[in-house]
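One gets the working numbering by counting positions in the sequence shown from 1 and adding 40 to each. For every residue, glycine included, the Cβ atom is placed at its ideal position computed from N, Cα and C.
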Amino acid sequence: MMEAMLLKYKDFHQKILVAEHQAIKFYQAIGFVRAGQTEPMWIYAGTEH
């Protein structure tokens, strides 16, 4: 799935994702790196977290 996404958007100069802590090593292994010292933030009105 990630190969298909990266291929589809290969010409985009920036790809951003928000990863759960447990998935960080997976995304690093396929080339994603942390964007400086940024931290994801949100306003979330759901109930499943």
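Where residue i sits in the DSSP three-state scheme
{"i": "residue 69", "result": "helix"}
{"i": "residue 54", "result": "coil"}
{"i": "residue 63", "result": "helix"}
{"i": "residue 43", "result": "helix"}
Sub-9 Å separation of residue i and residue j beta-carbons
{"i": "residue 85", "j": "residue 72", "result": "no"}
{"i": "residue 56", "j": "residue 75", "result": "yes"}
Euclidean distance between Cα positions of residue i and residue j
{"i": "residue 48", "j": "residue 87", "result": "32 Å"}
{"i": "residue 43", "j": "residue 54", "result": "16 Å"}
{"i": "residue 66", "j": "residue 45", "result": "15 Å"}
{"i": "residue 64", "j": "residue 51", "result": "23 Å"}
Residue from the options with nearest C-alpha to residue i
{"i": "residue 61", "options": "45, 79 and 46", "result": "79"}
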